[in-house]
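Take 55 as the starting number for the sequence shown in the working numbering and just add one per residue. All C-beta atoms in this analysis are idealised placements derived from N, C-alpha and C, irrespective of residue type, glycine included. Everything on this sheet refers to the single structure shown next.
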Amino acid sequence: MSVWALYSGLTRAPLWRTWSHAWAPASVSGLGLHTSGPLAMLPGKKKKRMDPALEKFKDERKIKRLTKALKKMQKKDRILKPVLEVEVPPHLVKEKVQRDRGTEVPYEIQEERILLGKQWSRFCGNRNRKEVRQFDNVILSQQKALDVLKTLSPALHFEAIQHDPTLLPFKAKGPVYTLPIPEYIQDGEYKDVTKEFTIKYGDMKQFMTQLISNPRRRSKKQTDES
55 MSVWALYSGL
65 TRAPLWRTWS
75 HAWAPASVSG
85 LGLHTSGPLA
95 MLPGKKKKRM
105 DPALEKFKDE
115 RKIKRLTKAL
125 KKMQKKDRIL
135 KPVLEVEVPP
145 HLVKEKVQRD
155 RGTEVPYEIQ
165 EERILLGKQW
175 SRFCGNRNRK
185 EVRQFDNVIL
195 SQQKALDVLK
205 TLSPALHFEA
215 IQHDPTLLPF
225 KAKGPVYTLP
235 IPEYIQDGEY
245 KDVTKEFTIK
255 YGDMKQFMTQ
265 LISNPRRRSK
275 KQTDES
């Protein structure tokens with residue numbers, strides 16, 4: 055029998071004869087058969103139950119990585135704040151040859167300047183020693199007077215060592231600059247050119263991600279043993 059004859063025979067036969075009598079109904083209508091729309095959905099994945107000990111181990115390992123990253127960040131050199139008062143302007147560096155007078159100081163004047171510098175250093179040293187002696191004498195005499203007062207009258211000694219707010223009168227008037235007026239409509243444009251200097255370590259985000267995401271490298275001994 056050919057395939058075409060078999061197919062034509064099946065199409066002519068009733069549908070209920072092709073089914074098994076155990077579960078087929080007595081009569082089936084063709085109107086009940088229909089197609090459903092395609093459903094583009096995958097079956098839901100089963101949630102994995104993590105071991106609490108494993109989760110704790112992962113958290114501890116992450117904390118260790120962060121602490122190591124912070125230690126490395128502290129060891130890294132910081133970008134220094136530029137000091138404009140110390141740096142020489144570029145146009146002055148270019149004009150160095152033009153500004154150099156090329157004059158030579160005579161030997162006698164050089165010796166005289168050296169002697170004057172030595173005399174000035176001796177004078178400053180003697181003046182400093184005299185001032186230190188004066189301060190020491192004042193402090194020693196004050197301490198002796200307080201000790202005697204303490205033996206005579208402890209109450210007066212307690213009053214004598216108290217802070218005196220009127221000893222150094224201080225007066226302040228300010229603020230120098232006026233405070234900003236609320237809801238003030240400014241006439242024209244205002245551009246803030248105040249320079250702000252903060253501690254920088256280069257690209258901080260890239261540095262931290264590189265430290266945290268860096269996988270552990272096995273040593274050569276471990277690789278040779280394995």
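Whole-angstrom distance between residue j and residue i, CA atom to CA atom
{"i": "K130", "j": "R115", "result": "23 Å"}
{"i": "A78", "j": "L87", "result": "Low local confidence applies: a pLDDT of 49 at A78 is under 50, so the model's placement there is unreliable, with the coordinate-based value given in what follows. Each residue's Cα considered, the two are about 14 Å apart."}
{"i": "R155", "j": "K227", "result": "49 Å"}
{"i": "H75", "j": "K99", "result": "A caution first: H75 carries a pLDDT of 47, below 50, which makes its placement in the model too unreliable to give a value."}
{"i": "L170", "j": "F177", "result": "11 Å"}
{"i": "Q188", "j": "L146", "result": "48 Å"}
{"i": "F212", "j": "L222", "result": "20 Å"}
{"i": "R153", "j": "N182", "result": "39 Å"}
{"i": "K135", "j": "Y244", "result": "26 Å"}
{"i": "V309", "j": "P143", "result": "There is no way to answer for residue 309, as the model of the chain reaches only from 55 to 280."}
{"i": "Q128", "j": "K249", "result": "25 Å"}
{"i": "Q260", "j": "Q240", "result": "41 Å"}
{"i": "V192", "j": "E139", "result": "41 Å"}
Host alpha helix (DSSP H) of residue i (start-end)
{"i": "R115", "result": "106 to 129"}
{"i": "R153", "result": "150 to 153"}
Test item: CB-CB of residue i and residue j under 8 Å
{"i": "L203", "j": "L194", "result": "no"}
{"i": "I215", "j": "L233", "result": "no"}
Three-state class that DSSP yields for residue i in the structure shown
{"i": "Y161", "result": "helix"}
{"i": "D218", "result": "coil"}
{"i": "Q260", "result": "helix"}
{"i": "G156", "result": "coil"}
{"i": "D201", "result": "helix"}
{"i": "V186", "result": "helix"}
Best match in the options for proximity to residue i [C-alpha to C-alpha]
{"i": "T263", "options": "P144, A123, K110, L108", "result": "A123"}
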